[in-house]
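Each residue of the sequence shown is one higher than the one before, counting from 1 in UniProt numbering.
We put the beta carbon where it would ideally sit given N, CA and C, even for glycine.
Worksheet: the structure to be examined is printed underneath.
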Amino acid sequence: MLHLVFDNSEAKNMAMAVTEGDEKNGEEVVTSIQTVAAHLISGLNREQDSRVVVGYLMLLLGWLFEDLDAVNDFLGEGSNTQSLIQAVNHPYPSGDVVQGLCAMLLGVLYEFSTKDSPIPRADLHNILLSRMGRERYIDKMSKLRSDPLIRDFEVTPQKLGNLGSGKLPDVYFDATFVDFLKDNYSRILRSIDRDPGLEISVVSNGIQKGVSRELVDSLRAQLTEKDQALQEAQVRVETIGRQLGQEQADHRRTRETTAMELARIKQVNEGMQRQHDAELRNLQSRVTSLQEEHQKQDEQTRRKTESLVATLEQQHKKQLDEAQRKADAHVAALEQQHKRRLEEVQRDATSRVTALEQELRKQIDQAQEIAKTQAASQLEEHRKQLEQARKTAESDADRVRHRAEADMADLKATISRLEVDLMKAKKTKLQEIQAVREELEEKAREQETLVVKLEANAKQLEKDLRETREKAMQDDMAAKKAEEDRKTTQNELDDLLMVFGDLEEKVAKYKAKLRELGETVSDGEDEDEDSDEEEERDEDDEKDEAKSDDGK
Numbered sequence: 001m002l003h004l005v006f007d008n009s010e011a012k013n014m015a016m017a018v019t020e021g022d023e024k025n026g027e028e029v030v031t032s033i034q035t036v037a038a039h040l041i042s043g044l045n046r047e048q049d050s051r052v053v054v055g056y057l058m059l060l061l062g063w064l065f066e067d068l069d070a071v072n073d074f075l076g077e078g079s080n081t082q083s084l085i086q087a088v089n090h091p092y093p094s095g096d097v098v099q100g101l102c103a104m105l106l107g108v109l110y111e112f113s114t115k116d117s118p119i120p121r122a123d124l125h126n127i128l129l130s131r132m133g134r135e136r137y138i139d140k141m142s143k144l145r146s147d148p149l150i151r152d153f154e155v156t157p158q159k160l161g162n163l164g165s166g167k168l169p170d171v172y173f174d175a176t177f178v179d180f181l182k183d184n185y186s187r188i189l190r191s192i193d194r195d196p197g198l199e200i201s202v203v204s205n206g207i208q209k210g211v212s213r214e215l216v217d218s219l220r221a222q223l224t225e226k227d228q229a230l231q232e233a234q235v236r237v238e239t240i241g242r243q244l245g246q247e248q249a250d251h252r253r254t255r256e257t258t259a260m261e262l263a264r265i266k267q268v269n270e271g272m273q274r275q276h277d278a279e280l281r282n283l284q285s286r287v288t289s290l291q292e293e294h295q296k297q298d299e300q301t302r303r304k305t306e307s308l309v310a311t312l313e314q315q316h317k318k319q320l321d322e323a324q325r326k327a328d329a330h331v332a333a334l335e336q337q338h339k340r341r342l343e344e345v346q347r348d349a350t351s352r353v354t355a356l357e358q359e360l361r362k363q364i365d366q367a368q369e370i371a372k373t374q375a376a377s378q379l380e381e382h383r384k385q386l387e388q389a390r391k392t393a394e395s396d397a398d399r400v401r402h403r404a405e406a407d408m409a410d411l412k413a414t415i416s417r418l419e420v421d422l423m424k425a426k427k428t429k430l431q432e433i434q435a436v437r438e439e440l441e442e443k444a445r446e447q448e449t450l451v452v453k454l455e456a457n458a459k460q461l462e463k464d465l466r467e468t469r470e471k472a473m474q475d476d477m478a479a480k481k482a483e484e485d486r487k488t489t490q491n492e493l494d495d496l497l498m499v500f501g502d503l504e505e506k507v508a509k510y511k512a513k514l515r516e517l518g519e520t521v522s523d524g525e526d527e528d529e530d531s532d533e534e535e536e537r538d539e540d541d542e543k544d545e546a547k548s549d550d551g552k
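See the structure below:
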């Protein structure tokens, strides 16, 4: 399995795709890395044969190295990290090999963890320092490197051999893994001292993974700000566009409403004009009818008065004639009576004829005076009645005429008042129409001014949007340039690390040669803490030795 996934990204991805459990049936899905980790933790807890535990550790180290997704998968189960730390802190029956490999696995986990890992890089660093400690980590790694199984792997036979009593041979490691451990020992050893804010850049399948978190956060923040500014500008442009459309629609609706209002006012004005004209015609017709009616009443009154006067004159004439006839008849009767009495008196006494004639004449005169007086009195009374009737008729005619004149004056005053009200209403409506027209014109001018301002704002926003886009492009170019610089720096750093690895390997060879010569050499990491001048001096010595070999 180690040979399948070692330094093979495609095989690692295929292995990670293998899972256990059906999520559709509610079962927990377990990845292949979690399965291997579970077997490892189980072997550590049950103190299983160290060869099995070492096999799991070699597989995980080769699998997780420079694979950020695999590291995140392993860190997804927090108990795995705790079990590894516990194995490093507590003695294990097989000695330093298992503890050293556990410490190395923890170093790989931290080396290739990120800020976005299930256990963030900074938290994992704090856990390692607080629960395991830097000194213990370096100690376990150093003991692993100096263990004979690793140190003398090339010179130790890796085969069954002639072992009796069923004893297993001391075969724990694979040559591929030993080369891997020696090549990356220094890097993993120093990983504990790496700043949590600085993540490792890894190129897998042509895709670079992991960068400086500060640079990523900075570029991501800048990109977010640019995106937000661009979105805000687009939102502002859309908002202004909607406002412009709304204002234009409101302007159109206002103009339509104004036109409808003007048409309605015009219709109302025309209706009021027609109504006033109709009322004026009705009043004029009423005045005409009243005048005609008054003329008819005057004519009827005049005719009635003339008829009444004629009737009274006829009645008075008849009464006068009747009184005259009565007086004549009475006179005739008296004359006959007097004549008879005269004849009687003449027959009775001649002496009394003269007295009787005088008395008769007196009576006749008195009767005539009485008749004349009565006739004159009746005639005067009839004349007074006729004069009173004439005065009454004239008074009624005057009263009717005065009433008609008063009604005519009232009608004329009403007509004048209505004409004044009509003129005032016309003037008021004209003023209102003029005010509405001026207000609408003012609103139209304001709308036009607002449209001009909104268009200017839209142009300014478009200009700002273009500038923002240009600035974003410049920032992207700067980010790309920074990324290229970072890649160059990382390549140089990788070259230096390779040089350091070669130097360490050569130092190890020198130590081995010195041991063969019987010299005492320390197994610590003093060489890692030497100054740059000593490393350069060793490198120069190696170059001189190479030149001497070439000369030979």
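* Asked: Taking C-alpha atoms, which residue in Ser416, Leu514, Ala87 and Thr468 lies nearest to glutamine 231?
  -> Thr468
* Does DSSP put threonine 31 in a helix, in a strand, or in coil? -> strand
* Cβ-Cβ separation, serine 117 to leucine 61 (assumed contact under 8 Å), whole Å -> That belief does not hold up - the Cβ atoms of leucine 61 and serine 117 are roughly 18 Å apart, past 8 Å.
* What residue does the alpha helix (DSSP H) around isoleucine 85 start on, and which one ends it? -> 78-89
* Asked: How is lysine 20 classed by DSSP in three states: helix, strand or coil?
  -> Checking the displayed sequence, the identity of residue 20 turns out to be glutamate instead of lysine. Of the three classes helix, strand and coil, the one that applies to glutamate 20 here is strand, per DSSP.
* Asked: In three-state terms, what does DSSP make of lysine 517?
  -> Per the sequence shown, the amino acid found at residue 517 is leucine instead of lysine. Correct three-state label for leucine 517: coil.
* To do: Drop a sphere of 10 angstroms on the beta-carbon of methionine 498, count the other beta-carbons inside from all chains shown, and report buried for 16 or more, exposed for fewer.
  => exposed
* Asked: Taking the alpha-carbon positions, what's the tryptophan 63 to arginine 151 distance?
  -> Going by the C-alpha atoms only, they are around 23 Å apart.
* Where lysine 236 and valine 451 are concerned, what is the direct C-alpha to C-alpha distance, given to the nearest angstrom? -> According to the sequence shown, residue 236 is arginine rather than lysine. Approximately 16 Å, taken between the alpha carbons.
* Could you check if lysine 509 is buried or exposed, using at least 16 other CB atoms within 10 Å of its CB as the buried criterion? => exposed
* Asked: Roughly how many angstroms lie between the CA atoms of valine 71 and lysine 471, to the nearest whole one?
  -> 38 Å
* Asked: Candidates Ala122, Val97 and Arg347: which alpha carbon is nearest valine 52's?
  -> Val97
* Nearest CA to the CA of isoleucine 192: which residue from Ala233, Leu109 and Gln385? -> Among Ala233, Leu109 and Gln385, the Cα nearest to that of isoleucine 192 is on Leu109.
* To do: Tell me where the alpha helix (DSSP H) around methionine 141 begins and ends.
  => Start and end: 134-146.
* Asked: In angstroms, rounded to a whole number, what distance separates the CA positions of methionine 408 and glutamine 267?
  -> 33 Å
* Whole-Å CB distance - leucine 101 paired with valine 54, under 8 Å assumed -> Correct: roughly 6 Å between the Cβ atoms.
* **Helix, strand or coil at phenylalanine 6 according to DSSP, with G and I counted as helix** => coil
* **Nearest-angstrom Cα separation, counted from aspartate 49 out to leucine 128** => 26 Å
* **Buried or exposed by the 16-neighbour rule on C-beta atoms within 10 Å, applied to valine 18** => Here valine 18 is exposed: its Cβ has fewer than 16 other Cβ atoms, across all protein chains shown, within 10 Å.
* When the Cα of phenylalanine 177 is compared with those of Ala406, Met58 and Glu432, which residue comes out closest? -> Met58
* methionine 272 by DSSP, collapsed to three states: which one? -> helix
* Asked: Excluding sequence positions up to five away, which residues of its chain have a Cβ less than 6 Å from the Cβ of isoleucine 41?
  -> Ser83, listed in sequence order.
* Please list, in chain order, all residues of the same chain as arginine 134 whose beta carbon is under 6 Å from its beta carbon, the five residues on each side excluded. => Ile192
* Asked: What is the DSSP secondary structure of serine 113, counted as helix, strand or coil?
  -> Assignment of serine 113 by DSSP, reduced to helix, strand and coil, places it in the coil class.
* Output the distance between the C-alpha atoms of alanine 435 and glutamate 455, rounded to the nearest integer angstrom. => 29 Å
* Smallest Cα separation from leucine 181: which of Arg190, Met104 and Phe112? -> Here the closest residue by C-alpha is Met104.
* To do: May I have the straight-line CA-CA distance separating arginine 401 from arginine 302, to the nearest angstrom?
  => Answer to the nearest angstrom: the Cα atoms are 12 Å apart.
* Terminal residues of the continuous alpha helix (DSSP H) containing isoleucine 127? -> Element bounds for isoleucine 127: 121-131.
* Assuming glutamine 77 contacts phenylalanine 112 (C-beta within less than 8 Å), just tell me the rounded distance between them. => Sequence check: residue 77 is glutamate here, not glutamine. Actually they do not touch by this definition, with Cβ atoms about 17 Å apart.
* Hey, is the segment 271-280 in contact with the segment 409-422, meaning 3+ C-beta pairs nearer than 8 Å? -> yes
* Give the straight-line distance between the Cα atoms of threonine 254 and arginine 264, rounded to the nearest whole angstrom. => 15 Å
* Relative to the alpha-carbon of glutamine 234, which residue among Thr488, Arg136, Leu2 and Asp464 has its alpha-carbon at the smallest distance? -> Asp464
* Asked: alanine 87 and leucine 149: beta carbons closer than 7 Å?
  -> no
* Asked: Less than 7 Å separating the beta-carbons of serine 146 and glutamate 504?
  -> no
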